[in-house]
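Take 1255 as the starting number for the sequence shown in this note's numbering and just add one per residue. Data block below; observations after.
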Amino acid sequence: MRNIESSEFERRKVENFFSLKQPYKIELEKNEGETNLANIARKAEQEYCWAFDEATSTWHYYPSREHSEEVSRLKGRSTFKATIPSELLQPPSDSSVFYHIHPDSVVTRLLSKPKKGWHSEEFLRVSNQLPKKDDLEKAAKLKGYKEFRIVTSVGITTYQFHPEKLESEEKKFSTLSIPQEELYQSLDQSLEDAVKKALDYMNEHYQGIFTFHFEKF
Ligand SMILES: [Zn+2]
């Protein structure tokens, strides 16, 4: 038996896409939904996640129950960890993509108290576009999603986990350091070039266990 609440949940209007306190299922084309996610990333104070079912063009959203923030000012990193809602641990269908946003506020917070020799805003935007160790761990854990996407106001980073390429566990989440000078050099071309440069390093490092791709809006 369905109560009123669950039937409301079944189909919410497109305007409700931005009401992140309520769970929803909204039918909306993939690229339009991605544009909405970029707009959310522009203003959000924390991460949120969605599943998009390509078979029905439906966005599934559930509020995350807990958030923790890890700020390392020394390393120029700030990570908001959103607990994945239990409803999204299984994909809605086998043609589903898992999405989460990396909000701009991560960058603005780090810039709010700059130190001498601090990274440039552009550099921090590149960093915010990259999957973090935690994201890769989630991708390896969430079975059944065809791919994972991080949306920022700048663009979309897509990554996939290929367990069949895994010969030993040790390489899976091994830390990778991308030469910062090279990223700054690429930033002289464009932010897009710098993100692609970083992802080239990641593709090479993970040898097909994880694959990465970036597209600017
Ligand atoms: Zn993330």
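Backbone N, C-alpha and C define an ideal beta-carbon position, used for all residues, glycine too. As the structure is a computational prediction, the values presented were derived from the model and not from experiment.
Distance cut-off 6 Å: residue i Cβ against heavy atoms of ligand 1
{"i": "D1389", "result": "yes"}
Inter-residue CB distance, residue i and residue j (contact presumed, cutoff 8 Å)
{"i": "A1305", "j": "I1355", "result": "The pair is not a contact, with the Cβ atoms about 14 Å apart (cut-off 8 Å)."}
{"i": "K1284", "j": "S1311", "result": "7 Å"}
{"i": "T1411", "j": "Q1434", "result": "That pair is no contact at about 19 Å."}
{"i": "V1408", "j": "K1369", "result": "Not quite, the Cβ-Cβ distance comes to about 24 Å (not below 8 Å), so this is no contact."}
{"i": "K1279", "j": "I1338", "result": "So it is not a contact: roughly 17 Å between Cβ atoms."}
{"i": "K1400", "j": "S1440", "result": "At roughly 29 Å, the Cβ-Cβ gap does not stay under 8 Å, so K1400 and S1440 are not in contact."}
{"i": "L1453", "j": "H1467", "result": "7 Å"}
{"i": "L1390", "j": "L1378", "result": "20 Å between Cβ atoms; not a contact."}
{"i": "E1288", "j": "V1405", "result": "6 Å"}
{"i": "I1432", "j": "Y1455", "result": "5 Å"}
Residue i burial status per 10 Å Cβ neighbour count (16 or more: buried)
{"i": "S1366", "result": "exposed"}
{"i": "H1272", "result": "Here residue 1272 turns out to be Phe, not His, going by the sequence shown. With fewer than 16 other Cβ atoms within 10 Å, it is exposed."}
{"i": "Y1315", "result": "buried"}
{"i": "T1437", "result": "What sits at residue 1437 in the sequence shown is Leu, not Thr. So L1437 ends up on the buried side."}
{"i": "D1358", "result": "buried"}
{"i": "I1463", "result": "buried"}
{"i": "E1421", "result": "exposed"}
{"i": "L1342", "result": "buried"}
{"i": "E1301", "result": "buried"}
{"i": "M1255", "result": "Residue placement at M1255 is flagged as unreliable, the pLDDT there being 41, under the threshold of 50; the coordinate-derived value follows with that caveat. So M1255 ends up on the exposed side."}
{"i": "S1261", "result": "With a pLDDT of 49 at S1261, under the threshold of 50, the predicted position of this residue should be treated as unreliable, and no value is reported."}
{"i": "P1385", "result": "buried"}
{"i": "I1258", "result": "The pLDDT assigned to I1258 is 44, lower than 50, so where the model puts this residue is not dependable; a value taken from the coordinates is nonetheless given after this. I1258 should be labelled exposed."}
{"i": "K1450", "result": "buried"}
{"i": "E1375", "result": "exposed"}
{"i": "E1269", "result": "exposed"}
{"i": "E1458", "result": "exposed"}
{"i": "P1417", "result": "exposed"}
{"i": "L1291", "result": "buried"}
Where the beta strand (DSSP E) through residue i begins and ends
{"i": "A1305", "result": "1303-1307"}
{"i": "K1279", "result": "1278-1281"}
{"i": "H1546", "result": "Because the chain spans 1255 through 1471 in this model, residue 1546 falls outside it and cannot be assessed."}
{"i": "T1406", "result": "No beta strand (DSSP E) holds T1406; DSSP gives it neither H nor E."}
Span of the alpha helix (DSSP H), counted from its first residue to its last, around residue i
{"i": "R1319", "result": "Note, R1319: premise wrong, no alpha helix (DSSP H); not H, not E."}
{"i": "I1294", "result": "1284-1297"}
Requested in this report: Would you list, in sequence order, the uninterrupted alpha helix (DSSP H) runs of no fewer than 4 residues that lie entirely inside the segment 1346-1397?
Outcome: 1359-1366, 1375-1382, 1387-1395
Report task. Please specify which runs of the alpha helix (DSSP H), each continuous and at least 4 residues long, are wholly inside the segment 1428-1469, giving them in chain order. Result -> 1434-1443, 1445-1460
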